[in-house]
Amino acid sequence: MIINDTIDGFKVTRFAPAPDCGSELIEMSHEKTGARLVWLKNDGENKLFSIAFRTPPSDDTGIFHILEHSVLGGSKKYPVKEPFLELMKGTMNTFLNAMTYPDKTVFPVSSRNDTDFMNLTRVYLDAVFDPAIYYNPNIFYQEGWHIEMRSESDTPVYKGVVFNEMKGAMSSVYSRMESEIMNVLYPDSCYRFESGGLPEAITDLTYEQFIEGHRTYYHPSNSYIYLDGPVDIDAVLELMDSEYLCRFDRREVKSEIPVQKPISSAVRKSYYEISADEDEAAHTYYVIGKILGSWEEREKITATAVLGEALTGSNDAPLKRAVLDTGLCLDVSLDVSDGIFQPFGCLSINNTDEESCGKLKETVRSTVSGLCRDGIDRKLLAAAIDRLEFRFRAGGEPRGLTRNISALNAWLYGGDPLCYLELGSVFESLRQKADAGYFEKLLGEWLLEDNGTAELYLLPSRTYGEEQKKAEEKRIASVVDSLACEERSVIAEQNRLLDEWQHSVDTPEQLASIPHLALSEVGDQPLAFETDTETAGGVTILRHPASDKGITALNLYFSLADCSEDELSAAAAASELYGELPTKKSSAAELQRRITGTLGEISCTVSVFSRNGTTDKCCPYFTLSTRFLDKNTAAALELISEILTETCFDDTDSVRELLMQSDENFKQSIIANGHTYSMERVRAALSAESAVSELVSGYEGYKRLHEAVKAPEKLIDTIKSLSRRMICTSRLYASVTSTGPASIEPLLSALPTGEKPACEDMSFKLDIPEKQGILIPSGVSYSAMAFPDNSADKAVLNVLFRALSLEYLWNEVRVKGGAYGTGAFIAPTGELSFFSYRDPSPAATLGIYRKAADFINDYCSGAPDITQYIISSIAKDEPLMSDGNKSRKADGLWFRGITYAERAAEKKRMLSVDPEQLREAAGKLRSFGNICVMGNEAAMNGLDLNVETLA
Numbered sequence: 003m004i005i006n007d008t009i010d011g012f013k014v015t016r017f018a019p020a021p022d023c024g025s026e027l028i029e030m031s032h033e034k035t036g037a038r039l040v041w042l043k044n045d046g047e048n049k050l051f052s053i054a055f056r057t058p059p060s061d062d063t064g065i066f067h068i069l070e071h072s073v074l075g076g077s078k079k080y081p082v083k084e085p086f087l088e089l090m091k092g093t094m095n096t097f098l099n100a101m102t103y104p105d106k107t108v109f110p111v112s113s114r115n116d117t118d119f120m121n122l123t124r125v126y127l128d129a130v131f132d133p134a135i136y137y138n139p140n141i142f143y144q145e146g147w148h149i150e151m152r153s154e155s156d157t158p159v160y161k162g163v164v165f166n167e168m169k170g171a172m173s174s175v176y177s178r179m180e181s182e183i184m185n186v187l188y189p190d191s192c193y194r195f196e197s198g199g200l201p202e203a204i205t206d207l208t209y210e211q212f213i214e215g216h217r218t219y220y221h222p223s224n225s226y227i228y229l230d231g232p233v234d235i236d237a238v239l240e241l242m243d244s245e246y247l248c249r250f251d252r253r254e255v256k257s258e259i260p261v262q263k264p265i266s267s268a269v270r271k272s273y274y275e276i277s278a279d280e281d282e283a284a285h286t287y288y289v290i291g292k293i294l295g296s297w298e299e300r301e302k303i304t305a306t307a308v309l310g311e312a313l314t315g316s317n318d319a320p321l322k323r324a325v326l327d328t329g330l331c332l333d334v335s336l337d338v339s340d341g342i343f344q345p346f347g348c349l350s351i352n353n354t355d356e357e358s359c360g361k362l363k364e365t366v367r368s369t370v371s372g373l374c375r376d377g378i379d380r381k382l383l384a385a386a387i388d389r390l391e392f393r394f395r396a397g398g399e400p401r402g403l404t405r406n407i408s409a410l411n412a413w414l415y416g417g418d419p420l421c422y423l424e425l426g427s428v429f430e431s432l433r434q435k436a437d438a439g440y441f442e443k444l445l446g447e448w449l450l451e452d453n454g455t456a457e458l459y460l461l462p463s464r465t466y467g468e469e470q471k472k473a474e475e476k477r478i479a480s481v482v483d484s485l486a487c488e489e490r491s492v493i494a495e496q497n498r499l500l501d502e503w504q505h506s507v508d509t510p511e512q513l514a515s516i517p518h519l520a521l522s523e524v525g526d527q528p529l530a531f532e533t534d535t536e537t538a539g540g541v542t543i544l545r546h547p548a549s550d551k552g553i554t555a556l557n558l559y560f561s562l563a564d565c566s567e568d569e570l571s572a573a574a575a576a577s578e579l580y581g582e583l584p585t586k587k588s589s590a591a592e593l594q595r596r597i598t599g600t601l602g603e604i605s606c607t608v609s610v611f612s613r614n615g616t617t618d619k620c621c622p623y624f625t626l627s628t629r630f631l632d633k634n635t636a637a638a639l640e641l642i643s644e645i646l647t648e649t650c651f652d653d654t655d656s657v658r659e660l661l662m663q664s665d666e667n668f669k670q671s672i673i674a675n676g677h678t679y680s681m682e683r684v685r686a687a688l689s690a691e692s693a694v695s696e697l698v699s700g701y702e703g704y705k706r707l708h709e710a711v712k713a714p715e716k717l718i719d720t721i722k723s724l725s726r727r728m729i730c731t732s733r734l735y736a737s738v739t740s741t742g743p744a745s746i747e748p749l750l751s752a753l754p755t756g757e758k759p760a761c762e763d764m765s766f767k768l769d770i771p772e773k774q775g776i777l778i779p780s781g782v783s784y785s786a787m788a789f790p791d792n793s794a795d796k797a798v799l800n801v802l803f804r805a806l807s808l809e810y811l812w813n814e815v816r817v818k819g820g821a822y823g824t825g826a827f828i829a830p831t832g833e834l835s836f837f838s839y840r841d842p843s844p845a846a847t848l849g850i851y852r853k854a855a856d857f858i859n860d861y862c863s864g865a866p867d868i869t870q871y872i873i874s875s876i877a878k879d880e881p882l883m884s885d886g887n888k889s890r891k892a893d894g895l896w897f898r899g900i901t902y903a904e905r906a907a908e909k910k911r912m913l914s915v916d917p918e919q920l921r922e923a924a925g926k927l928r929s930f931g932n933i934c935v936m937g938n939e940a941a942m943n944g945l946d947l948n949v950e951t952l953a
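Dropping the structure here:
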């Protein structure tokens with residue numbers, strides 16, 4: 003392959019090294035259609051195919067979001083109802099999804115397996131170029147929206163997967179902030195519209211407009227095809243050209259994005275929902291936004307991200323400290339939103355009052371003026387540059403997808419795909435410019451020049467949710483009332499046809515069209531997580547090999563086995579304080595500078611493990627996890643030692659400030675991820691491990707923290723005494739992931755010896771209502787149900803729960819019920835639960851959960867071929883993982899006492915699971931455990947729940 007070669011219709015136009023990615027870039031163009039292609043050739047284990055289209059929205063209907071969902075709902079060569087679902091069932095994919103961005107739609111798939119990779123690529127190409135949407139409008143009605151009204155007597159309601167997804171998304175205060183500020187900043191650009199769709203506008207989209215959107219934008223001339231990894235390039239190019247691209251001619255697709263000129267200073271006030279009994283005081287969000295420049299100014303955009311890290315990356319960063327010291331707000335951040343034609347930046351001030359915003363703005367301006375005049379601490383800037391460069395070089399998995407999106411950040415606008423893939427020189431240039439006043443000038447332009455600035459006041463409202471609900475009811479009533487009798491009959495018929503289609507079953511011939519792997523193509527050995535053990539200074543050290551050269555990952559586990567309930571809560575609170583408070587040697591600001599410059603990442607949490615098969619006992623550990631460059635090992639170990647042994651908890655105001663921020667972040671996480679917290683809640687009655695997890699990181703943990711921050715003195719005293727007891731080598735297990743024999747002896751020798759815990763594990767229970775309802779300010783709801791009997795073989799349960807997720811719950815809860823997500827989940831402890839996500843009808847969903855055993859009984863009576871569920875179960879257990887995630891997975895297996903031989907035996911049993919085993923295991927699901935629903939009042943109706951409100 004050389005420049006100007008033509009291979010299956012693709013002309014090779016460029017070769018370029020990509021050393022930061024460990025790859026070579028090969029760029030091509032399809033001569034007949036103009037389709038663009040980039041291949042990042044490397045020797046990684048994973049292969050990724052992606053096709054993206056530039057899709058700038060022209061309204062808030064979410065047309066491209068609905069298209070993203072819908073094209074995966076059947077196609078010409080693969081005429082099944084849900085090709086996406088069938089691929090989830092029967093492939094070893096390592097990534098399978100699609101994403102809608104503010105100006106593009108991306109369809110990526112990946113796999114380690116060559117056959118699987120080609121199968122996935124075929125189905126995705128057919129989906130985007132020959133979707134069934136042209137002859138099956140039910141896909142639009144299901145994924146987008148429809149009026150549910152089956153007879154004249156029915157109360158009409160709006161239903162649709164994307165409709166409900168966006169009701170949930172717009173219940174998040176952070177999603178609202180981004181959507182609102184972009185609407186003000188980009189009045190003449192596609193970015194003023196919510197690409198995901200606003201619920202009140204989604205229902206304006208017609209089927210005809212939907213089809214025209216696909217016809218216009220899903221064309222090869224508007225496509226960006228990306229390949230990553232050791233792909234068979236000849237096979238992929240031949241497939242794309244001979245089966246798809248050759249049928250199209252080059253054409254002009256008007257998808258260019260106009261330049262947004264700076265706006266005149268603008269102010270907007272909007273509202274968001276809070277609970278009916280929540281205080282409106284200190285709940286305003288104040289945002290100052292500004293377009294920062296063009297995608298072409300990559301050094302400038304990177305530099306603004308450095309400023310955000312340096313000035314607001316911790317509570318004691320200079321700008322954040324000045325704003326917090328006013329006592330008028332809870333948190334502040336300086337963030338950059340890139341990946342669009344004109345990136346923008348926001349100063350966000352959280353949990354304040356509208357009348358305080360003027361004073362806060364004055365504080366920002368005076369502080370920024372001082373920084374511009376006197377200069378930003380050079381060490382602080384250097385540390386921030388180091389932190390951003392570490393994140394760039396030590397990315398997570400799937401890295402092929404990360405590289406794909408980074409390439410599109412310039413490529414989509416006619417730029418070099420390598421622009422944001424190769425940033426090494428940018429970081430070096432910024433280091434040189436730190437002494438030349440570059441950052442001060444940039445900061446002044448951003449926050450001192452009013453031209454182009456938008457201000458957003460997002461104000462709390464106890465009635466906003468009810469007002470939105472009534473407005474929706476009024477809209478749909480107005481629509482229905484305006485219809486003639488025959489038009490209402492059309493809606494009823496539309497519902498009948500939709501019901502009929504949703505209840506229909508794909509024929510064997512249709513299902514046979516979807517390419518699946520055979521069991522013989524799936525290895526019988528599980529992923530290996532290599533762990534060697536050694537002892538140093540009386541500490542057991544787990545060692546794992548690293549794939550990221552030059553980076554060490556370190557996990558420290560301090561046993562909390564003999565702690566009381568209050569001490570466990572204190573340990574969870576302490577995890578938010580270590581690394582944020584000053585030490586005996588360093589001020590908080592100096593400590594943060596050292597952390598930022600020395601440690602690529604650091605976090606603390608409470609981890610909980612029980613021995614495999616044990617439910618009545620567990621062992622919690624206070625856990626510190628960090629990653630750093632090998633060259634920084636000595637400084638990193640010294641710094642970690644200082645954080646663990648010399649942190650000062652005496653400043654009550656600083657501790658309260660940090661804990662109140664954690665409290666608010668915890669609350670917003672619950673509102674956005676109610677399914678996760680509901681599942682933790684219902685599992686808490688099933689084992690000691692889950693009970694402790696609920697106490698330290700679940701809804702119960704939030705309640706304890708929320709109460710404690712009101713008067714934190716008692717909690718602080720507990721943290722002080724606990725920290726002296728728990729941080730010692732007698733309680734420590736360490737885990738090191740590195741490419742060489744990295745020694746942690748300096749750290750071990752710096753820690754006190756202390757005393758061993760009084761016991762190796764603990765028994766623990768929580769008193770939690772069996773039927774729990776938690777009122778949250780949200781337009782949609784979440785539900786979970788636990789199943790206490792998990793005595794069936796884990797290998798069989800894995801396959802059973804995959805079948806339930808993809809065969810039963812998907813169809814009943816998502817397809818028919820309109821929830822955005824649902825699934826059957828097996829916790830590491832083996833505990834069983836079902837969940838729904840952004841669900842409009844949780845009461846109906848709970849009824850569906852209770853019929854799972856009946857479904858499996860009927861399903862298995864026909865002796866079905868369950869190969870696809872076996873393969874899917876194995877794929878789910880073998881995801882791509884970064885070194886950090888691999889080390890935590892390996893540590894967990896070691897703490898649980900699960901050996902490679904046991905995992906291999908379980909995988910072999912999975913490969914031979916039969917329908918009769920599924921039927922027998924499903925019988926355990928006739929025993930129901932706790933339930934939890936998180937949502938609004940309407941979600942609780944008729945459920946006889948013990949209801950409380952998210953405080």
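Here the sequence shown stands for residues 3 to 953, numbered as in the numbering used here.
Backbone N, C-alpha and C fix where the C-beta goes; we use that ideal spot for every residue, glycine too.
DSSP state of residue i mapped onto helix, strand, coil
{"i": "Gly539", "result": "coil"}
{"i": "Tyr580", "result": "coil"}
{"i": "Tyr415", "result": "coil"}
{"i": "Cys730", "result": "coil"}
{"i": "Tyr176", "result": "helix"}
{"i": "Arg393", "result": "helix"}
{"i": "Arg270", "result": "strand"}
{"i": "Ala60", "result": "A quick correction: the sequence has Ser, not Ala, at residue 60. It is coil, neither helix nor strand."}
Contacting residues, own chain, Cβ-Cβ under 7 Å from residue i (five flanking each side not counted)
{"i": "Tyr839", "result": "His677, Tyr784, Ala821, Tyr822, Gly823 and Thr824"}
{"i": "Leu420", "result": "Ala18, Ala20 and Leu27"}
{"i": "Asn771", "result": "Correcting the residue identity first, residue 771 is Pro in this sequence and not Asn. So the list reads Asn948, once near-sequence residues are dropped."}
{"i": "Ser884", "result": "Gly398 and Glu399"}
Residue i, buried or exposed, once every other Cβ within 10 Å from all chains shown has been counted against 16
{"i": "Lys910", "result": "exposed"}
{"i": "Gly525", "result": "exposed"}
{"i": "Met764", "result": "buried"}
{"i": "Leu450", "result": "exposed"}
{"i": "Arg455", "result": "In the sequence under discussion, the amino acid at residue 455 is Thr, which differs from the Arg named in the question. Classification of Thr455: buried, given that the 10 Å Cβ count is 16 or more."}
{"i": "His505", "result": "exposed"}
{"i": "Cys620", "result": "buried"}
{"i": "Ile5", "result": "exposed"}
{"i": "Asp483", "result": "exposed"}
{"i": "Arg726", "result": "exposed"}
Residue i versus residue j: straight-line alpha-carbon distance, rounded
{"i": "Ala953", "j": "Glu280", "result": "7 Å"}
{"i": "Leu529", "j": "Lys361", "result": "57 Å"}
{"i": "Thr205", "j": "His148", "result": "8 Å"}
{"i": "Pro222", "j": "Ile53", "result": "9 Å"}
{"i": "Val233", "j": "Asp337", "result": "37 Å"}
Contact set for residue i: own chain, Cβ-Cβ below 8 Å, skip 5 residues either direction
{"i": "Ser699", "result": "Ala574, Thr607, Val608 and Glu682"}
{"i": "Glu473", "result": "Sequence inspection shows Ala at residue 473; the Glu mentioned does not correspond to that position. Around Ala473: Glu202."}
{"i": "Arg367", "result": "Leu449 and Leu450"}
Other residues of its chain near residue i: CB distance less than 6 Å, five sequence neighbours each side excluded
{"i": "Ala591", "result": "Asp318"}
{"i": "Ile135", "result": "Ser72 and Ile141"}
Is there contact here, the segment 625-639 with the segment 733-745, by at least three beta-carbon pairs under 8 Å?
Yes: the two stretches touch, three or more of their Cβ pairs being nearer than 8 Å.
Can we say the segment 841-848 touches the segment 937-944, given the rule of at least three CB pairs closer than 8 Å?
Yes, they touch.
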